[in-house]
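Everything in the sequence shown is counted per numbering that gives the first Met the number 0, starting at 0 for the first residue and increasing by one.
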Amino acid sequence: MTASSFSACLPSFRSGESSPRQYLERCLDEIDRRDADVKAFAFLNVDAARAAADASTERYRAGQPLSPVDGMPIGIKDVFDTADMPTEFGSPIHQGRRPDHDAAHVYALRRGGAIILGKTVTSQFAIVGNGPTRNPHDLTRSPGATSAGSAAAVASGMLPVATGSQARGSIIRPASYCGVLGYKPTFGALNRAGCLTPAKSYDHLGALARSLDDLWRTVRHIAEVAGGDPGYPGLMGPVEAPAPRTAARIALLRSPGWSTADDAAKGAITTFAHRLSDHGVEILDGDSSREILTYERLASEVPAQWETLSGYENRWPLQSYRDRYAPQLHPGIVRGVEKSETISPDDYRAVLSYRRSLREAHAKLKPVADVLVTLAAPGSAPAYPDSGSSIFNELATFLGVPAVSVPVLTIDGLPLGIQIIGQMDDDYGALESAAFLLKSST
Numbered sequence: 000m001t002a003s004s005f006s007a008c009l010p011s012f013r014s015g016e017s018s019p020r021q022y023l024e025r026c027l028d029e030i031d032r033r034d035a036d037v038k039a040f041a042f043l044n045v046d047a048a049r050a051a052a053d054a055s056t057e058r059y060r061a062g063q064p065l066s067p068v069d070g071m072p073i074g075i076k077d078v079f080d081t082a083d084m085p086t087e088f089g090s091p092i093h094q095g096r097r098p099d100h101d102a103a104h105v106y107a108l109r110r111g112g113a114i115i116l117g118k119t120v121t122s123q124f125a126i127v128g129n130g131p132t133r134n135p136h137d138l139t140r141s142p143g144a145t146s147a148g149s150a151a152a153v154a155s156g157m158l159p160v161a162t163g164s165q166a167r168g169s170i171i172r173p174a175s176y177c178g179v180l181g182y183k184p185t186f187g188a189l190n191r192a193g194c195l196t197p198a199k200s201y202d203h204l205g206a207l208a209r210s211l212d213d214l215w216r217t218v219r220h221i222a223e224v225a226g227g228d229p230g231y232p233g234l235m236g237p238v239e240a241p242a243p244r245t246a247a248r249i250a251l252l253r254s255p256g257w258s259t260a261d262d263a264a265k266g267a268i269t270t271f272a273h274r275l276s277d278h279g280v281e282i283l284d285g286d287s288s289r290e291i292l293t294y295e296r297l298a299s300e301v302p303a304q305w306e307t308l309s310g311y312e313n314r315w316p317l318q319s320y321r322d323r324y325a326p327q328l329h330p331g332i333v334r335g336v337e338k339s340e341t342i343s344p345d346d347y348r349a350v351l352s353y354r355r356s357l358r359e360a361h362a363k364l365k366p367v368a369d370v371l372v373t374l375a376a377p378g379s380a381p382a383y384p385d386s387g388s389s390i391f392n393e394l395a396t397f398l399g400v401p402a403v404s405v406p407v408l409t410i411d412g413l414p415l416g417i418q419i420i421g422q423m424d425d426d427y428g429a430l431e432s433a434a435f436l437l438k439s440s441t
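This is the structure in structure tokens:
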């Protein structure tokens, strides 16, 4: 039986009617039942997980849980260090690599009593290529990349929450394809220490979950213990999970990629918007708002600008890997390094200048609309091994603003997310809007 949300089970833990160990066993049963086909995990540490669950059970019996995540089974994307399991970055170059410490967010979770059950599959260096993971809704379909293992594990009911990272579309797109909540916070809001990431100015630590309560419980605890990246204020917001915040005005963005989206996908989000309009929500777009149209035109440059930003920042250490291990690298990484060597410091400075201008334009939309939404992906999950396009995800990643994929649409029985794009450091507001869309979909 698929484990229900962790938050919903807390009263039974406190009363003794159930326990973290029993919850973990339900997760393990689902792993036994489904992971041979879904292939979400790179590694499992079952014995240690059971020992941690037993210790958590005793704390609940004594009325002394360590934190809001005490007893929660969690998967960690295999780009983050774990002291008790290999961290291989989806690459044969690092096969068998054993860190001697935990990444900052893993440390925070363990300190709060969370159960680090396993490492989830990722693409090579979380950049390119397909792991073995399949979409749990249809095993012939892709779960996306590169947080595909995390999305598939959560969607299958193997875990309530798993961590992910996004330097392009690696949280939002898998969440959309697999039909779960995917959350990419404001840049720097969650501490990335313990992750090999060449993308210094735009890679984000985030999470995927079936429950908004579980999602917020996890990320807020990480922020409380580990903070954000050095130099950033970190994730902010109340302890309570975000409740639905009614939006008076929603902007439906024709963000970069709109012209490439399936007609069915554009029809699905437009129909959803009309349903909101019938309930008194004002729907704005580039046809009705000059400010939105101006912003869309400026944002249309993001895909080309992202390529320059990514190429320049990804040179190191990928150049060294190319020079030493080219046969073991995905051909896409080798091609990307070669292309990046044509990018000059002046090219990079121009991208940073454009990003500052785009951030200013994005902030000016705050009084125009309460919520900015677009598609989370151009359509439902493509056939494996095609991992799909990230073009709808580059905008929020490039800006560094929060984004949430909310699983409220379907196309021919397959999930598709609506993407909320928030304002810098207003992560709680973006998640309140996600709660509103979830409520409006029922």
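For every residue, glycine included, the Cβ atom is placed at its ideal position computed from N, Cα and C.
Ranking Ala41, Thr81, Ala250, Lys338 by CA distance to the CA of Lys365 puts Ala250 first.
Within the segment 16-63, the complete beta strand (DSSP E) segments at least 3 residues long are 40-43, listed from N- to C-terminus. About 7 Å separates the beta carbon of Ser175 from that of Pro414, a gap short enough to meet the 8 Å contact definition. If you check the CB distance, Thr269 and Pro377 do not come in under 7 Å.
Under the DSSP definition of a beta bridge, Arg140 partners with Ala382. Taking a contact to require three or more Cβ pairs closer than 8 Å, the segment 73-80 and the segment 96-115 qualify as touching. Between the segment 33-44 and the segment 150-163, the count of Cβ pairs shorter than 8 Å is three or higher; the stretches touch.
Under DSSP, the beta-bridge partners assigned to Ser404 are Gly181, Gln418.
Per DSSP, the beta bridge partners of Thr373 are Gln418. Unbroken alpha helix (DSSP H) stretches of 4 residues or longer found wholly inside the segment 61-113: 103-110, given in chain order. Partner residues in the beta bridge of Gln165, as assigned by DSSP, are His203. Around the Cβ of Glu29, a 10 Å sphere holds 16 or more other Cβ atoms; the residue is buried. Sequence-distant Cβ neighbours of Tyr347 in its own chain, meaning closer than 6 Å and more than five residues away, are Tyr311. Phe186 and Val403 have their alpha carbons spaced roughly 13 Å apart.
The shortest CA-to-CA distance from Arg133 to any of Tyr231, Pro384, Ser439, Cys26 is the one to Pro384.
When the alpha-carbon of Arg97 is set against those of Gly193, Asp261, Pro401, the nearest one is in Gly193.
Rounded to whole angstroms, the gap between the alpha carbons of His93 and Leu317 is 13 Å.
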